[in-house]
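See below for the structure under consideration.
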Amino acid sequence: MQTIAWIRIDERLIHGQVATAWVRTVNATRIVVVDDDASHNEMQIEMLKAARPTGVKLSVLPIRVAIRNLMGEKYADDRVFILVKSVDTLTALWQGGWKFDSVNIGNRSVKPDSEPLKRTFNVTKSDVQQFCDLLDGGVKFDTRMVPNEKPQDFEKLIGSVFQ
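Residue numbers for the sequence shown follow numbering that gives the first Met the number 0, so the first one is 0 and each next one is one higher.
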């Protein structure tokens with residue numbers, strides 16, 4: 000049976016914090032990047048391969064393939080670290096039938112019509128609704144940028160935006 004070591008929303012995907020802190024902390028043996036655009040962009044795939052830690056396997060998948068692989072336990076011998084750029088992707092995974100218990104909030108830059116949820120994570124009204132739907136489904140959210148940071152109360156954070 001595959002083990003999901005960590006799920007993180009971070010629009011930067013694989014970068015220093017992920018490669019040096021999170022992957023080691025959760026002992027991941029495979030990173031699965033779930034992103035429709037990245038999965039069809041050879042240059043981005045090559046950059047992700049270059050950024051992954053030595054000895055860690057990498058899969059860059061469109062959402063539908065990720066759902067099939069994760070539900071089919073394709074990574075049975077791995078501790079899987081899943082990276083997505085947005086809550087839209089998490090929602091698509093959930094609605095596609097692949098359920099998960101918890102998600103780490105990483106980084107998301109300012110977007111049109113967004114408000115800061117945290118200093119490093121901005122959300123739109125649509126994002127807030129999707130986060131609330133996932134919360135209602137039982138998903139827990141961890142708000143740390145790095146493993147040694149103290150998490151903030153996500154429900155309080157999400158309730159403070161767009162009031």
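The C-beta atom is built at its ideal place from N, Cα and C for all residues, glycine as well. Keep in mind it's a predicted model, so treat the numbers as computed, not measured.
- For L12, there is no enclosing beta strand (DSSP E), as DSSP marks it with neither H nor E.
- At least 8 Å separates the beta-carbon of A4 from that of A18.
- At a Cβ-Cβ threshold of 8 Å, V138 and S101 count as neighbours.
- In this structure, the CA atom of G105 is about 23 Å from the CA atom of H39.
- For the set R78, A91, I44, the Cα lying nearest the Cα of A65 is the one of A91.
- Taking the Cα positions, V122 is about 13 Å away from F153.
- Taking C-beta atoms as the reference points, D34 and T88 count as a pair closer than 8 Å.
- By the CB criterion at 8 Å, L82 and R7 fall inside the cutoff.
- A direct Cα-to-Cα measurement between G96 and R63 gives close to 10 Å.
- With respect to the 8 Å criterion, V145 and E114 are not classified as neighbours on the basis of their beta carbons.
- According to the DSSP assignment, T90 belongs to the alpha helix (DSSP H) that extends over 86 to 94.
- Our two residues, P52 and P111, have alpha carbons roughly 33 Å apart in a direct line.
- Note that the C-beta distance between K56 and R29 is below 8 Å.
- For R29, the enclosing beta strand (DSSP E) begins and ends at 29 to 33.
- Assigned with DSSP and collapsed to three states, N121 falls in strand.
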